[in-house]
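Shown next, in C-alpha cells, is the structure this report addresses.
Numbering (this note's numbering), first residue to last: 399 to 603.
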C-alpha cells in the first residue's frame with residue numbers, strides 16, 4: 399500500500415472533513431477542453447489524479463476555482479484548480495488564503511516546469527517565478543516567493559517559443575511517462591503533509 403493509499407483509508411473513515419482548513423493544494427493550468435492535455439496543465443492533471451485516488455470530484459466553484467474538501471493524514475485540505483487562466487492564478491490563491499486565514503506555509507503549488515525532463519518531479523520551498531506566469535501571478539498577489547512547490551517536468555523545450563511549447567499537447571511517449579509521475583506526485587504530496595518538506599525532498603527529489 400502506498401503512502402497516499404494509507405491516507406485515503408484514513409480519509410474514508412473520517413467521512414466529510416471537519417474543522418478548519420489547514421492546507422491549500424493548488425494545481426495550475428488553463429480551463430477548457432482545448433487545454434486539457436497540454437503541457438501547461440500538468441498541475442491540473444495532478445489535482446485530478448489526487449481526486450480520483452481519494453474518490454472525490456473537484457467541481458465546487460469557489461475562489462474563482464474548482465475545489466474539493468478532502469482529508470489527507472487527518473488534515474483538512476482544499477484541492478484547487480483556478481479557473482482564472484494561468485496568468486491570473488494568484489487571484490484565486492490569495493482569495494482562498496484570506497478566506498481561510500492561512501499563511502503561505504500552508505499552501506503548496508503544483509505546476510509544470512520546462513527546465514525538468516518529462517518523468518521527473520521536484521519539491522522546492524521557495525524561489526523565483528522562473529518565467530512561469532502562474533507562479534509570477536501568485537508571487538504578485540501573495541507578496542512572497544516563500545511558498546512550497548511541486549514541479550512536474552515537461553522539458554526539454556525545442557527551438558520554439560516557450561509560450562507555444564507549453565500549450566502543445568503532450569506527446570504519446572510523454573503521456574506514458576506522465577502516468578508514473580502522477581502516481582509519484584500523489585505519494586509525494588501525502589508524504590509532505592505527514593512529514594514536512596525537508597523529508598519529502600530527501601525522499602522524492
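Built from N, CA and C at the ideal position, the CB exists for glycine as well.
contact_flag[the region 427 to 439, the region 560 to 569] where n(CB pairs < 8 Å) is 3 or more:
yes
So the candidates are 464, 559, 549 and 526; which of them puts its Cα closest to the Cα of residue 543?
Taking the chain shown and counting its residues from 1, the one referred to as residue 543 is at position 145. The shortest C-alpha separation from residue 543 is found at 526.
If you count every other CB in all the chains shown that lies within 10 Å of the CB of residue 573, and 16 or more means buried, which is it?
For the purposes of this step, residue 573 is taken as residue 175 along the chain shown, with counting starting at 1. Classification of residue 573: exposed, given that the 10 Å Cβ count is below 16.
Is the distance from the Cβ of residue 473 to the Cβ of residue 515 below 9 Å?
Counted from its first residue, the chain shown places residue 473 at position 75. Counted from its first residue, the chain shown places residue 515 at position 117. Their beta carbons are not under 9 Å apart, which means residue 473 does not touch residue 515 by this criterion.
In this structure, does DSSP put residue 507 in helix, strand or coil?
Against the chain shown, residue 507 aligns to sequence position 109. In the structure shown, residue 507 sits in a strand (DSSP, three-state: E or B).
Three-way DSSP call (helix, strand, coil) for residue 499 in this model:
Here the question's residue 499 lines up with position 101 in the chain shown. If DSSP states are grouped into helix, strand and coil, residue 499 belongs with coil.
Backbone secondary structure at residue 605 - three-state DSSP:
Residue 605 is absent from the structure shown; the chain starts at 399 and stops at 603.
Looking at the C-beta of residue 419, does it have a partner C-beta in chain C at a distance below 9 Å?
Annotation note: the requested chain C is absent from the structure, which comprises a single protein chain.
Going by beta carbon distance, what residues of the same chain come within less than 6 Å of residue 591, once the five residues before and after it are set aside?
The residue you call residue 591 lines up with position 193 of the chain shown. For residue 591, where only same-chain residues beyond five positions count, the Cβ hits under 6 Å are 470, 471 and 473.
Give the straight-line distance between the Cα atoms of residue 446 and residue 499, rounded to the nearest whole angstrom.
For the purposes of this step, residue 446 is taken as the residue at position 48 of the chain shown. For the purposes of this step, residue 499 is taken as the residue at position 101 of the chain shown. Computed Cα separation, rounded: 25 Å.
According to DSSP, residues forming a beta bridge with residue 480
Translated into positions along the chain shown, residue 480 becomes position 82. Residue 480 is bridged to 463.
Going by alpha carbons, who is nearest to residue 426 out of 519, 482, 501 and 586?
In the chain shown, residue 426 corresponds to position 28, counting from 1. Cα-wise, what sits closest to residue 426 is 482.
Return helix, strand or coil for residue 412, following the three-state DSSP convention.
Stepping through the chain shown from its first residue, residue 412 is reached at position 14. Any reading at residue 412 needs caution, since the residue's pLDDT is 49, under 50, leaving its predicted position unreliable; the model's value is listed next. Of the three classes helix, strand and coil, the one that applies to residue 412 here is helix, per DSSP.
Please state the DSSP three-state secondary structure of residue 530.
Here residue 530 refers to the residue found at position 132 of the chain shown. In this structure, residue 530 counts as coil in the three-state DSSP scheme.
Whole runs of the beta strand (DSSP E) within the region 535 to 594, excluding any shorter than 3 residues
546 to 551
Opposite residue 469 in the DSSP bridges: which residues?
As a first step, residue 469 must be located in the chain shown, where it is residue number 71. The partner list for residue 469 (beta bridge, DSSP) reads 474.
Which residues DSSP lists as bridging residue 452, in chain order
As a working mapping, residue 452 is identified with position 54 in the chain shown. Looking at the DSSP assignment, residue 452 forms no beta bridge with any residue, so it has no partner.
Just reading off the beta strand (DSSP E) that residue 521 is part of, what are its end residues?
Numbered from 1 along the chain shown, position 123 holds the residue referred to as residue 521. Element bounds for residue 521: 519 to 522.
Who pairs with residue 423 in a beta bridge, going by DSSP?
Taking the first residue of the chain shown as position 1, residue 423 is located at position 25. Beta-bridge pairing links residue 423 to 477 and 506.
Straight-line CA distance for residue 553 to residue 496?
As a working mapping, residue 553 is identified with position 155 in the chain shown. As a working mapping, residue 496 is identified with position 98 in the chain shown. Rounded to the nearest angstrom, the two C-alpha atoms are 34 Å apart.
For residue 612, write down the residues that DSSP places opposite it in a beta bridge.
Since the displayed the chain opens at 399 and closes at 603, residue 612 lies outside it and no answer follows.
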